[in-house]
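>
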Amino acid sequence: MATTSAAAPPRKWWQVPRPLQKVFDTFPLLAYDVNALPGRAQSATSGDLPTLYVFSTEEEALLGAPSFNPSCLKWQAFLKLAGVKFQILPSTNHASPTGALPFILPARSSPTDVPSPIPSSKLHGYALKYGTSNPPEVSALRLDAYQALLDVPIRNVWLQALYRDPEYTDLLDRFYITPASSSYWVRGALRHQLRRAAETEILKTGPGGAASTAISLLVDEHSVYRAAVNALEALATLLSESKTGWFFGAETPSMFDASVFAYTHLMLKYMSDAEGEVEGEKGYILASRKLGTLVRSAGSGELEQHHRRLFELLWLADSNAELLDAKA
Amino acid sequence: MTLELHVWGPAFGLPSIDAECLATVTYFAQTLSAADYLLVQSSPSAVPSHHLPALYNPSTVTWISGFDPIVTYLSTLQPPSYHHPDVTTLPSRVYANSQAYKALLTSSAAPLLALSLYVSSANYSETTRPAYSAILPFPLPWTEPLAVRAAMAARAAHLGMSSLDTDAEMERLEKEEREREAAGWVQIPKALRKAVGGQNSGVKGQLSPEMKRRIKLEGLAAEVFDVLGEVDLLEEEDGEEGEEEAKEGGARIKVTLETKCLAFAYLALMLLPEVPRPWLKEVLQKKYAGLCKFVLEYRRKTFPESGKVLPWADRESDPAVSACDSALSIVGRFVRAVVDDIPMLGREWSRWWALRQRRVAEENSTETQLVIRRSVGESERSLLLAGAGLTLLAINVVGLGIYWYRYRGLLGAPLQTWHRPLVGLGSFGAAGAMFAGLA
Chain Z
1 MATTSAAAPP RKWWQVPRPL QKVFDTFPLL AYDVNALPGR AQSATSGDLP TLYVFSTEEE
61 ALLGAPSFNP SCLKWQAFLK LAGVKFQILP STNHASPTGA LPFILPARSS PTDVPSPIPS
121 SKLHGYALKY GTSNPPEVSA LRLDAYQALL DVPIRNVWLQ ALYRDPEYTD LLDRFYITPA
181 SSSYWVRGAL RHQLRRAAET EILKTGPGGA ASTAISLLVD EHSVYRAAVN ALEALATLLS
241 ESKTGWFFGA ETPSMFDASV FAYTHLMLKY MSDAEGEVEG EKGYILASRK LGTLVRSAGS
301 GELEQHHRRL FELLWLADSN AELLDAKA
Chain Y
1 MTLELHVWGP AFGLPSIDAE CLATVTYFAQ TLSAADYLLV QSSPSAVPSH HLPALYNPST
61 VTWISGFDPI VTYLSTLQPP SYHHPDVTTL PSRVYANSQA YKALLTSSAA PLLALSLYVS
121 SANYSETTRP AYSAILPFPL PWTEPLAVRA AMAARAAHLG MSSLDTDAEM ERLEKEERER
181 EAAGWVQIPK ALRKAVGGQN SGVKGQLSPE MKRRIKLEGL AAEVFDVLGE VDLLEEEDGE
241 EGEEEAKEGG ARIKVTLETK CLAFAYLALM LLPEVPRPWL KEVLQKKYAG LCKFVLEYRR
301 KTFPESGKVL PWADRESDPA VSACDSALSI VGRFVRAVVD DIPMLGREWS RWWALRQRRV
361 AEENSTETQL VIRRSVGESE RSLLLAGAGL TLLAINVVGL GIYWYRYRGL LGAPLQTWHR
421 PLVGLGSFGA AGAMFAGLA
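Just so you know, the sequences run in chain order Z and Y.
Counting in full-length UniProt numbering, the first sequence runs from 1 upward without gaps.
Counting in full-length UniProt numbering, the second sequence runs from 1 upward without gaps.
#1: Please work out which residues of its chain come closer than 8 Å, Cβ to Cβ, to T57(Z), disregarding the five sequence neighbours upstream and downstream, and give them in chain order.
#2: Can you tell which of S120(Z), D33(Z), S139(Z) and Y126(Z) has the C-alpha that lies nearest to the C-alpha of D226(Y)?
#3: DSSP three-state label for A11(Y), please.
#4: Alpha carbon to alpha carbon, what distance is there between P136(Z) and L128(Z)?
#5: Between the Cα of N69(Z) and those of Y146(Z), K290(Z), A189(Z) and N93(Z), spot the shortest distance and give me the residue it belongs to.
#6: I'd like to know if the segment 127-134 of chain Y and the segment 7-22 of chain Y are in contact, where contact means that at least 3 CB-CB pairs between them fall below 8 Å.
#7: Pull the bridge partners of N57(Y) from the DSSP assignment, please.
#8: Counting only beta-carbon separations shorter than 8 Å, does T106(Y) have a partner in chain Z?
#9: Rounded to whole angstroms, what's the CA-CA distance from E177(Y) to A153(Y)? Just pull it up for me.
#10: Looking only at its own chain, which residues have a Cβ that is under 8 Å from the Cβ of L172(Z), when we skip the five neighbours before and after it?
#11: How is the beta strand (DSSP E) around P90(Z) delimited, first residue to last?
#12: Taking the alpha-carbon positions, what's the L203(Z) to E20(Y) distance?
#13: Counting only the same chain and skipping the five closest in sequence on each side, list residues whose C-beta sits under 7 Å from that of T24(Y).
#14: When DSSP builds the beta bridges, which residues end up paired with I330(Y)?
#15: Consult DSSP for Y288(Y) and reduce its assignment to one of helix, strand or coil.
#16: Would you report the Cα separation of W404(Y) and G429(Y), rounded to the nearest angstrom?
#17: Sorted by chain position, which residues of the same chain lie with C-beta nearer than 7 Å to E199(Z)'s C-beta, five sequence neighbours on each side aside?
#18: Starting from T256(Y), trace the beta strand (DSSP E) in both directions and tell me its first and last residue.
#19: Tell me the DSSP bridge mates of I104(Z)?
#20: Along chain Y, which residues have their Cβ under 7 Å away from the Cβ of S223(Z)?
#21: Starting from V40(Y), trace the beta strand (DSSP E) both ways and give me its first and last residue.
#22: Return the CA-CA distance between Y225(Z) and V157(Z), expressed in angstroms with no decimal places.
#23: If we count the other Cβ atoms within 10 Å of its Cβ and call it buried at 16 or more, is L393(Y) buried or exposed?
#24: Provide the residue span of the alpha helix (DSSP H) that contains F303(Y), from first to last.
#25: In chain Z, which residues lie less than 7 Å from Q30(Y) when you measure between Cβ atoms?
#26: Cβ atoms of M270(Y) and L257(Y): under 8 Å apart, would you say?
#27: So, is the C-beta of S36(Y) closer than 8 Å to a C-beta in chain Z?
#28: Let's see if you can read the secondary structure: which residues bound the alpha helix (DSSP H) around L310(Y)?
#29: Just to confirm, are S240(Z) and G299(Z) a CB contact at a threshold of 8 Å?
#30: So with CB distances below 8 Å, who are the chain Z contacts of E230(Y)?
#31: Quick check on L355(Y) - is its C-beta less than 8 Å from some C-beta in chain Z?
#32: Scan the segment 71-143 of chain Y and note each continuous beta strand (DSSP E) run of 3 residues or more that stays entirely inside, going in chain order.
#33: Of all the CB atoms in chain Y, is at least one closer than 8 Å to the CB of T237(Z)?
#34: Give me the chain Y residues within the contact set of A262(Z), using Cβ-Cβ distance strictly less than 7 Å, ordered along the chain.
#35: Can you tell which of Y270(Z), T252(Z) and M271(Z) has its C-alpha closest to the C-alpha of H306(Z)?
#36: What are the start and end residues of the alpha helix (DSSP H) that includes G219(Y)?
This is the structure:
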């Protein structure tokens, strides 16, 4: 007894109890080899092409169609402008290392290579590095001011229309709710969360999304729409000053064109009035609250024209053009 | 017809402490004659829209709030009372630029101002808070400035400068400390920690958070001021000089009157208050002399020290004002603010209250130009609240059931006690009874 206690380590609680020791002795520790990735993982994570993860549907992603999320679409358009070859895959915010889409996973150089994802904050540098054509850098100080137009009134009206307008509940469901869950209750909760988040975002810039310094409780929808009408009008005026048809008179489309396109494309595609409907005067437009109609009637149609040119340049020149055209 | 303009009260030698209110007052002072409107010192909880500035038109019983909506509403009024700024002569690009710069002021200048006056603890407690206390009636300084500060901090959150708020920073450190203690990490005594290289040693420890972040702050400020510097804010003042400048420096961007008012409001609140940590003021004075000149001259022109006086409402004589300033309504506002602070439920309640007040205001209004469409969010929210209520009720019912089941003996009491009967003479039948009587 005395000998065993001398041999034992001084701190008794490190000792494995005897019965457990016996159990472990019968089962020798064995490390299995790492499982191979499932076959589709190669193509689903990253293949020969860099992969841009965006909000999209399976079919549309195969076609490389425009994403339905404005910030994803902005980067998708910009990467295309820069001449980067990439594929897109549908994803959600939960998959992103930064918690927000889009991000890009570079191509693998070897099968065991693990490329690290590039978040959207570094996508600009990535596009310039790997792109074939450099989009022009516009360095007008006015650019910042006009960028603010996109960040405040236009973003607010997009949030208001998609998330808070009962007319677009179906659209919201199709974009973000239905793919996420099939349960009625989960969908309801998700919808409520999204709506609440959108409302908070709008209220950060004031009840009308106009200049304001304090957060208030309720969204003033009328002012949100009116601010957006003014903003679209301003963008159309800016565009009409340019001789080349791109913003700030650039020779080829720039980042700012991509940002504007991201909103105008979605507004025109998903929120337009039915074909052939008469476009009345401003009062009617405000009452109808169709964002596509607002885009179309801004200025003398410059924004719609800009959208069409950019869409033709980026998407219809592709091999998938017929398919996309058929879908649209 | 006298319009009532409800705004935050004066501070720092300016007619209002809030940038948007200040811009509106500046705009009114230039486009309306003083006889046509009345300035009412107020706070958001006193107006139906819960947002200042708010314009009340008694002839149509309409409330309009927010700088842009008010300016738009004014332009629908008839000229005798309202002098239109020369709108017809301006080219459309001026409008476009004005819209853009207004958006810029909202998205960038407002967070900057929030950092300087509200997020920075030193500036807030030395300057902003006393200013609010001076303009609010008694119990309200306990609630309203806090709400404003929270809102401002949220606006500036994306700049990542929360360390300027030393109160919050200390709280965070203390919380970490407690967590470390709870997790059982080794504790270094406080006295030792300082010597080893804690927060208070060395040059870095002596610096205020504003000084530590000075370079980043200056960068943030420069982003905004560089862009604003492009704008031809002082064009009317310049006269002949302006023409020369235009020849030299090429086209400077021209903007409308309302954008100038808004720019003046933000810049004045950055430049004029006397704050203990004047980083924003220093940046302005050192590098952007043009903007400083604009603020001072615009102020001299719009609010001359000897000259026209702003038509502030008289508290005693004006019935409209004394009604919203009565002791009862102030207590009501205070109680609402306190209720709003109840976690989870308070916010919902005040939203409901604000919505109701807005509905009432809209129904009273005789103008039909407003298009009112109910958002689904509202009905859904009431459903949610009803759901939460039902759940609570269900939990209560189930709890009550369990209580009855356990303690009220629906199936008998949970604890059965059996007392052994006392063995007395009575238990021995008739004979026992006989003897019991004897005992």
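In this text, a Cβ means the ideal position worked out from N, Cα and C, and glycines have one as well.
All values reported here derive from a predicted model rather than from experimental measurement.
Judging by the given coordinates:
#1: Contacts found: P90 and P179.
#2: The closest CA to that of D226(Y), considering only S120(Z), D33(Z), S139(Z) and Y126(Z), is found on S139(Z).
#3: Residue state, collapsed to three classes: strand.
#4: In this structure, the CA atom of L128(Z) is about 10 Å from the CA atom of P136(Z).
#5: Nearest neighbour of N69(Z) by Cα position, chosen from Y146(Z), K290(Z), A189(Z) and N93(Z), turns out to be N93(Z).
#6: Enough Cβ pairs lie closer than 8 Å, so yes.
#7: Answer is T62(Y).
#8: Chain Z, which has a Cβ nearer than 8 Å to the Cβ of T106(Y), makes this yes.
#9: If you draw a straight line from the Cα of E177(Y) to the Cα of A153(Y), it comes to about 24 Å.
#10: Excluding sequence neighbours, L172(Z) sits near L162, Y163, R191 and L194.
#11: Per DSSP, P90(Z) is one residue of the beta strand (DSSP E) stretching across Q87 to P90.
#12: Rounded to whole angstroms, L203(Z) to E20(Y) spans 15 Å at the Cα level.
#13: Within the same chain, T24(Y) has close Cβ partners L5, V7, P53, F67 and I70.
#14: Bridge partners of I330(Y): none, in fact.
#15: Of the three classes helix, strand and coil, the one that applies to Y288(Y) here is coil, per DSSP.
#16: Within the model, the alpha-carbon separation for W404(Y) versus G429(Y) is close to 41 Å.
#17: Excluding positions up to five away in sequence, the list reads R164 and V219.
#18: Counting along the chain, T256(Y) falls outside any beta strand (DSSP E), and DSSP gives it neither H nor E.
#19: Partner(s): L52(Z) and I118(Z).
#20: Those are G66, D68 and P69, listed as they occur along chain Y.
#21: For V40(Y), the enclosing beta strand (DSSP E) starts and ends at Y37 to Q41.
#22: Y225(Z) and V157(Z): Cα-Cα distance of roughly 6 Å.
#23: Burial check for L393(Y): the Cβ neighbour count within 10 Å stays below 16, so the residue is exposed.
#24: From DSSP, F303(Y) is part of no alpha helix (DSSP H); its letter is neither H nor E.
#25: Around Q30(Y), no beta-carbon contact reaches into chain Z at under 7 Å, the shortest distance being about 17 Å.
#26: Result no, Cβ atoms of L257(Y) and M270(Y) do not sit closer than 8 Å.
#27: The sequence shown places Asp at residue 36(Y), not Ser. Closer than 8 Å: no.
#28: It is not in any alpha helix (DSSP H) - L310(Y) carries neither H nor E in the DSSP assignment.
#29: Taking 8 Å as the Cβ cut-off, S240(Z) and G299(Z) qualify as a contacting pair.
#30: Those within 8 Å of E230(Y) in chain Z are L141 and R142.
#31: At a cut-off of 8 Å, the C-beta of L355(Y) has a neighbouring C-beta in chain Z.
#32: As summarised for the segment 71-143 of chain Y, there are no continuous beta strand (DSSP E) elements at least 3 residues long confined to that stretch.
#33: Yes, T237(Z) lies at the interface with chain Y (some Cβ there is under 8 Å from its Cβ).
#34: Residues of chain Y with a Cβ closer than 7 Å to the Cβ of A262(Z) do not exist; the shortest Cβ-Cβ separation is about 17 Å.
#35: Measuring C-alpha to C-alpha distances from H306(Z) to each of Y270(Z), T252(Z) and M271(Z) identifies T252(Z) as the nearest.
#36: That run of the alpha helix (DSSP H) goes R214 to G229.
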